[in-house]
Amino acid sequence: MNRRDPKEPLVVEHSKPAPQELVRAIKGGAVYFLVALGAGFTLEYIRLELVALHFSERLAEILEIPTILLATMIGARWAVDRLTLPPLPGLRLGVGFVALGLALIAQFMVVLPIRGLSYTEYLASQNPTSISASIGTLGVLLVMPFLTAYRWDAR
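Just so we're on the same page, the working numbering is the position in the sequence shown counted from 1, plus 20.
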């Protein structure tokens, strides 16, 4: 039996993710982003054009959050089922990180220029409640693929 010298540092080899799993995470994150955030951008348009004109914009932001969370849950469930992603935490969180990255890129590269705001103007126009709700929604976007079960596992 080989014994390790106690003075020698312990080296643990971690397996690198297979390229197929990385591609699956990127593909799953893109699909998840398109389903969940596609609904989010549609709801933002409705919020800006309909609800914010008749009520306050802050109330419209708060009313939009439950529908965004529902779209996030549906998008995560659909991406996991459609791509048959195994329940591996690294893969599922990778899908969430890809979707989060795409959401932040879309927010800062598309939405802010359309609204005619710079990054600092956008942050200055937000109140603490809206910022907290947005951060919470993005956190749910990140972890929802990990929390989603297969449809056939729920039986």
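We put the beta carbon where it would ideally sit given N, CA and C, even for glycine.
Would you please state the rounded distance, in angstroms, between the beta carbons of residue i and residue j? I believe it to be under 8 Å.
i: I88; j: T157; result: 6 Å
i: A96; j: Y52; result: 6 Å
i: G116; j: P165; result: 5 Å
i: L120; j: A56; result: 11 Å between Cβ atoms; not a contact.
i: A50; j: L111; result: About 14 Å; that fails the 8 Å criterion.
Take residue i as the anchor and find which of the options has the nearest alpha-carbon.
i: P109; options: L103, L68, V163; result: V163
i: I82; options: L63, L111, W98; result: L63
i: V100; options: A72, Q127, F128, K47; result: K47
i: A169; options: T104, V131, P133, F128; result: T104
Excluding sequence positions up to five away, which residues of its chain have a Cβ less than 6 Å from the Cβ of residue i?
i: L122; result: F53
i: G58; result: none
Taking only heavy atoms of the ligand GDP into account, decide whether any of them is closer than 7 Å to the Cβ of residue i.
i: Y65; result: This structure simply doesn't include the ligand GDP, nor any ligand for that matter.
Using the three-state DSSP reduction, which class does residue i fall into: helix, strand or coil?
i: A119; result: helix
i: S138; result: coil
i: A169; result: coil
i: T62; result: helix
i: L124; result: helix
i: L79; result: helix
i: Q40; result: helix
i: L108; result: coil
i: L162; result: helix
i: V103; result: Before going further, note that residue 103 is Leu rather than Val in the sequence given. Three-state DSSP puts L103 in coil, outside helix and strand.
i: A56; result: helix
With a threshold of 8 Å between beta-carbons, can residue i be considered close to chain C, or not?
i: G58; result: Here there is only one protein chain, and chain C is not present.
Just to confirm my understanding: we take residue i, look at its own chain, exclude 5 residues before and 5 after, and list those with CB closer than 7 Å. What are they?
i: I85; result: A153, T157
i: G250; result: Residue numbering for the chain in the displayed model covers 21 to 175; residue 250 lies beyond these limits and cannot be assessed.
i: F128; result: Y139
i: G159; result: none
i: M21; result: Low local confidence applies: a pLDDT of 46 at M21 is under 50, so the model's placement there is unreliable, with the coordinate-based value given in what follows. Contacts found: none.
i: V130; result: none
So, for residue i: in the same chain, excluding its five sequence neighbours on each side, which residues have a beta-carbon less than 8 Å away from its beta-carbon?
i: M178; result: A query on residue 178 cannot be resolved here, the shown segment of the chain reaching from 21 to 175 and no further.
i: L113; result: L162, V163, P165, F166
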